[in-house]
Structures are given as structure tokens and as C-alpha cells.
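I have placed the structure first, in the form of C-alpha cells, so that the comments after it can refer back to it.
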Amino acid sequence: MADVAAAAGVSRALVSIVIRGAAGASDATRRHVLQVAADLGYRPDTRARLLRSSRTRLIGVVFNVTEPYHAELVELLYEAADAEGYAVTLSATGPRRGEREAVESLLDLGAEAVIIIAPSGTAGQLAGFPVPVVSLLGTVGGAEPGTFSSVSSDEGAGIRLAMGHLRGLGHRRIAHIDGGSAVGSAARRGAYEACMDGSGEAAVVLPGGPLESDGSRAAAALLTSMGWPLPPHDAGPAARGTAASPARPATGGRASGAPTAVVIFNDRSALGALDTFRAAGLRVPGGLSVVGYDNSRMARLEHINLTTIGQDGAELAAAAVRSAAARIGGGPGQDVVVAPSLVRGGTTAAPAPPGT
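Just so we're aligned, residue 1 is where the sequence shown starts under the UniProt record's numbering, counting upward by one.
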């Protein structure tokens, strides 16, 4: 099928539509694809075609191979699908493999619906697939109501939980390291700014991203704004938290009015930030309180013990599978929002008294 798509200059999804005789291709395109297939001597896999003409009870899942939290959700999706009588097949995206290619491979396997974790495609791109698409961890931009199903955590509620927790500890000057262009970043940033409005303190947003390196870079910018010396460039992980790190008191050297806490886009970014803070000799939470987002396995490691916002992964996965099954059965698309929760760890505490 890939050879036919390449020779015809169309996608594998479109070739699949033509070969199966399904709606979605113009007469001219259908004739062109069939002619190319005949010229190449293409013969459809009879067994696969039989599967597609009946019920495969197979749900495809697209995930980013570089995202640890996606792997956690995949594990939960297997459990949720099994409970509903479905099997799961996977296809990963990565630096050299895009979303469309990942979905097309699932179509070749006979997936009746596809769940895409944090999709990057637009409504126009995702509408071109011949099976229902469910967006997990985000909505599909520009989609008409009922076109797609989406399952997401309430981003605004999560940030409000983080801010409420920090304010309850006595923090007022709270910064935010955002997620750049990552899915959910705009909503979390907007919720943070809304929380800061009317607080009497200025919102401090530092450009970040979803990776450890993004958090580390943003943390360095925050340290500079606080008047705190940066760690040596050659201070690697083995040196951090040792005599190689600058010997500084918990709060000494902090610029007047500097933030006493920071809410970070996700746990991965928070881990990079923690590394930089500790390498600079800034104690967490003694000198700065830190809150992440996701409640990932890494955040729960004993030596990290990150205060974070927990997304209910089990419910997110179950809702995504239920939505996929409903769409397979002919139901309309719908948006499901799952409530997050605060997970208290060891990276938040009351701000240190001035001058200590």
C-alpha cells in the first residue's frame, strides 16, 4: 500500500479508502489510484480486508516515544481497552516520524478508531482519516462541535490548585515557567495569569517548554532575575548538591521582590529546573518552592518527591476508550474533562522569613 501511495502521490489513508471502496475519494482520484495499483500489480491482503469489513475490535494509539508520561498513559489504555473488550495496537511519533505516518500504519492494521495522545494535527488534517479520532490530553484546534472526541484534564483547575496550595503556605510572589508551544501550555499559562490578576503582585512568566532542558534554561533565567549566581557551566549532575556547587545560604543574595515559588508546566521541565536550582546552591523548598504538573513516575521517586498536579491517568484512559467505542458505534464526538488533584511532595514549604 505504501508503494501505491508513493507512486500515486497520495497518502496511504487515501489509498486505503479507495482499495476498500469506502466514501471519501473523488471519482478521478479513485480511478487514478486504482490504475496505479494495477500498474504495480498490487493485491490487497485478503485477511486484512476481511478484518476491515467486519469488526476488528482494535483501537490504535498514537503516542510520542520521547514522552515518559505518554508511556504511562499507554499502559493505562491497555487496561481500559481490555475492560471494554477491545485490543490496542501502538504507533509512535518521534523526531523523524510524524503523526500522519503513525496513524496510517494503524489503519493498515485495521484499527476501528485511533486515540492520539496530545495531537499536533489540525482539524483539517485529522478529518482526513477514515476512522474516528479521539484526542487525549487536549482538543483538536478548529474542529466543529461533534466532529472529534476529546478527553483532557482541566488545565485551569490544576493551576488554580497549585496556586491555592502555594498561597496557603504564605507565598505571594509566584512565577511560572510555561510550556512554550506544547499542548496545554496556553491554558495553564492563562490560568496562572488569571490567578495573579488582582493579587497585587506582577505575573512573572518565563518561556519554557516540555523538556528537562527547557526547565533548566528557564530556571537559569529565573535565577538571574533573582540576583542569584548561576552554577558553573561545567557542573554536571555528579557535582550537583556537592562541594562543587556554590556554597550559598538558603535565601541570601536574593533580589528584593524576587519570587519565592514557581509553578512549572510539567514534571519533566520541573526536574530540569530543580537540577539547576540545586546546582546553584538554592535550596528547594528552603529558598524556593516548586510545583510541577502531571504526577509522573519520575516525580514520585523518593529522592525527587515533587509537589505536582496529578492528572487522573486511569480516568483519562478509560474515558478515551469509552469515547472511541462510542464513535465506532456511530455516536457523535464529545469533549470530556477530568478533574485534576494536588499531590503534595517535598518541594513546597512556607517562604523563609525575610533576611534568613
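Backbone N, C-alpha and C fix where the C-beta goes; we use that ideal spot for every residue, glycine too.
Item	Value
Nearest-angstrom Cα separation, counted from residue 115 out to residue 103	9 Å
Residues near residue 147 by beta carbon distance below 7 Å, same chain, minus five either side	123, 127 and 333
Validate contact between the region 303 to 314 and the region 84 to 100 using beta carbons, cut 8 Å, 3 pairs	no
Cβ contact (3+ pairs, closer than 8 Å) linking the region 311 to 327 and the region 166 to 179	no
Neighbourhood of residue 172 by C-beta, 6 Å cutoff - its chain only, sequence neighbours within 5 removed	201
C-beta atoms of residue 208 and residue 218 nearer than 8 Å	yes
DSSP bridge partner residues for residue 94 (one or two, in chain order)	97
Closest by C-alpha distance to residue 100, when choosing among 339, 14 and 290	14
Exposure of residue 113, with buried meaning 16 or more beta-carbon neighbours within 10 Å	buried
Residue 28 beta carbon less than 8 Å from that of residue 57	no
Bridge-paired residues (DSSP) for residue 63	92
Residues near residue 25 in its chain [Cβ-Cβ closer than 8 Å; skip 5 each side]	14, 17, 18 and 33
Same chain, Cβ closer than 6 Å to residue 80, neighbours up to 5 away in sequence not counted	317, 318 and 321
Residue 74 versus residue 286 - alpha carbon distance	36 Å
Span of the alpha helix (DSSP H), counted from its first residue to its last, around residue 275	267 to 279
Segment limits, alpha helix (DSSP H) that includes residue 169	155 to 169
Contact set for residue 11: own chain, Cβ-Cβ below 8 Å, skip 5 residues either direction	5, 100, 104 and 128
Top-ranked residue by Cα proximity to residue 142, from 309, 65, 120 and 130	120
Residue range of the unbroken alpha helix (DSSP H) whose run includes residue 213	212 to 225
Those runs of the beta strand (DSSP E) which lie wholly inside the region 174 to 201 and span at least 3 residues	174 to 177
Nearest-angstrom beta carbon gap, residue 166 and residue 131 [assumed within contact, 8 Å]	About 44 Å separates the two Cβ atoms, so there is no contact after all.
Collapsed DSSP secondary structure at residue 3 in the structure displayed	helix
Range covered by the beta strand (DSSP E) that runs through residue 124	It is not in any beta strand (DSSP E) - residue 124 instead sits in the alpha helix (DSSP H) that spans 123 to 126.
Pairwise C-alpha distance: residue 276 and residue 225	14 Å
Bridge-paired residues (DSSP) for residue 205	176
Length of the line joining the Cα atoms of residue 213 and residue 265	13 Å
Exposure of residue 188, with buried meaning 16 or more beta-carbon neighbours within 10 Å	buried
Close Cβ partners of residue 153 (< 6 Å) along its chain, the five nearest in sequence each way excluded	311, 338 and 340
Delimiting residues of the alpha helix (DSSP H) encompassing residue 292	Residue 292 -> not in any alpha helix (DSSP H); beta strand (DSSP E) instead, spanning 289 to 294.
Beta carbon of residue 292 nearer than 8 Å to that of residue 314	no
Residues near residue 139 by beta carbon distance below 7 Å, same chain, minus five either side	150, 152 and 335
N- and C-terminal bounds of the alpha helix (DSSP H) containing residue 73	68 to 83
Reference residue 343, options 159, 61, 258 and 182, closest by Cα	159
Backbone CA spacing between residue 61 and residue 82 [nearest angstrom]	14 Å
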